[in-house]
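For the sequence shown, this note's numbering assigns the number 1 to the initial residue and increments by one for each residue that follows. Every residue, glycine too, gets a C-beta built ideally from N, C-alpha and C. Accompanying notes for the structure given below.
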Amino acid sequence: MPDPQHTAVPSSLLPTYARADVAFVRGEGAWLEASDGARYLDFGAGIAVCALGHSHPKLVEALTRQGEKLWHVSNLFRIPEAEALGQRLTDATFADYVFFTNSGAEAVEGAIKTARKYHAASGHPERFHLITMEGAFHGRTLATIAAGGNPKYIEGFGPKVEGFDPVPFGDIEAVKAAIGPQTAGVLVEPIQGEGGMRVPPHGFLRQLRELCDERGILLVLDEVQSGMGRTGKLFAHELSGVTPDIMAVAKGIGGGFPLGAFMATKEAGKGMTVGTHGTTYGGNPLATSIGSAVLDVILAPGFLDAVAHKGIVFKQKLAALKDQFPNIIAEIRGEGLLLGLRLNVPNTDFTLAARSEKMIVIPAGENVVRLLPPLIIEEAEMNEAIGRLEKTCMRMSGASA
């Protein structure tokens, strides 16, 4: 199905995106308003970034308050706002250390460097390989495209960065077989988002944790998409009852403002000493003030329980929709409000049909569309989403008839 909303609009932007010819000018909660006045129900949330929806009053207040005082200073000086957010994150998680970044790719890159440096500091610089998972997505830097392993992202950018050994996602025996004298650790998303909302087999993360402990290697988690409350826990690994040694975080941590972080235990971070890593913008007062405002909301009593409940309710509604349209929807995937529909029709066509119903969904691998509503979504808006998805399925049924 051709997309009439993808048009060749003159632009000075590098043409690396096939952008839809829709421009949004304002947003509130789960809703976006386009330049033509049309209102869209946003179940993409900027690809899981706008965790608290658009223009959340607490985030607007934090942005305005800090913006009137101080935006940026160098990390050559103490930044109290970063120290405060870092302390809150370590208090709420496994970590002893936090390093703030601007993006998820930078966070994963820092996590990779930390894992390698740990072994170098332990007297084993030869241990720089990370076992990775097929279908993963870790970002678009040279190292993170190598870690993800997708040929379409690697092609044309020169030799692939060394040190990444892919195995099938969820296959613990394949992980065991891949461990060798150069292995530094395992890098894995608790739920693969870009790869198709793939949830690993029950117990897989626990098996990985035990294996890493047995072999003296590190468990490195990429929670860029699955973290910050999206599964009904602050981080998805909590659903498995395990903790990593190193973790990358971004997207929802800033609620729409560019912010990321990698986190580590004191032991795993022991090699990251003065001069080993740096950033110009990362952790500046403006970004970390907004990050603290996000945590104020997410860590408020009852908020995460409510997200988990909403996820169950919405998943049940999606299951009923699947029963109604088995020719369109093959499977419901995901946890909490990190959900996906595996389709029997092209996901790009479904995304376009949903947009015609003024609803935003996000394509992913394995012919999946992601449903990533803001965590503050209300039941009435979930019902509205089901109605628009029903109309989308009807459109697709007519198109495939």
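In the DSSP assignment, Pro166 falls within the unbroken beta strand (DSSP E) covering 164-167. The region 239-251 makes no contact with the region 270-281; the number of CB pairs closer than 8 Å stays below 3. In terms of Cβ geometry, Val242 and Arg209 form a close pair [threshold 7 Å].
Here the C-alpha atom of Val161 lies approximately 15 Å from the C-alpha atom of Ala184. The DSSP-derived three-state label of Phe99 is strand. If you ignore the 5 residues before and after Leu219, its C-beta comes within less than 7 Å of the C-beta of Gly185, Val186, Leu208, Arg209, Cys212, Pro244, Asp245, all in its own chain and listed in chain order. Contact annotation, Lys270 with Ala121: C-beta distance approximately 6 Å; criterion of less than 8 Å satisfied. Closest by C-alpha distance to Arg206, out of Gly29, Ser12, Glu238, is Glu238. Counting of Cβ neighbours within 10 angstroms places Ile312 among the exposed residues, the total staying below 16. By the CB criterion at 7 Å, Met197 and Gly86 fall outside the cutoff. Distances from the alpha-carbon of Phe99 to those of Lys176, Leu59, Met272 put Met272 closest. At the C-beta level, Asp42 and Ile360 come within 7 Å of one another. Bounds of the beta strand (DSSP E) holding Val188 are 183-188. Within its own chain, the residues whose Cβ lies closer than 6 Å to the Cβ of Phe128, once the five positions on either side in sequence are excluded, are Arg116, Gly163, Ala184, listed in chain order. Assignment of alpha helix (DSSP H) within the region 356-400, counting only whole runs of 4 or more residues, yields 379-400 in chain order. Counting C-beta pairs with one atom in each stretch, the region 138-156 and the region 93-110 have three or more that are closer than 8 Å, which means they touch. For Thr132, the enclosing beta strand (DSSP E) has its first and last residue at 129-133. Taking every protein chain shown into account, the CB of Asn347 has 16 or more other CB atoms within 10 angstroms, so this residue is buried. Setting aside the 5 residues that flank it on each side, Gly334 is surrounded in the same chain by Met197, Gly340, each with a C-beta closer than 6 Å to its C-beta; the list follows chain order.
Ala143 is positioned such that its CB atom lies no closer than 7 Å to that of Pro374. Assignment of Glu106 by DSSP, reduced to helix, strand and coil, places it in the helix class. DSSP places Arg215 inside the alpha helix (DSSP H), whose first and last residues are 204-215. In the three-state scheme derived from DSSP, where H, G and I count as helix and E and B as strand, Glu33 is classed as strand. By the criterion of a C-beta distance shorter than 7 Å, Tyr118 is surrounded in its chain by Leu218, Ala268, Lys270, Gly271, once the five residues flanking it on both sides are discounted.
Apart from sequence neighbours up to five positions away, the residues of its chain that approach Glu381 with a beta-carbon distance below 6 Å are Ala30, ordered along the chain. Judged by their CB atoms, Gly37 and Ile376 are not nearer to each other than the 7 Å cut-off. In this structure, DSSP gives Val175 a helical state, which the three-state scheme calls helix. Close CB contacts of Leu70 within its chain, under the 7 Å cut and outside five residues either way in sequence, are with Pro285 (chain order).
As for any beta strand (DSSP E) of minimum length 3 sitting wholly inside the region 319-360, the runs are 329-335, 338-343, ordered along the chain.
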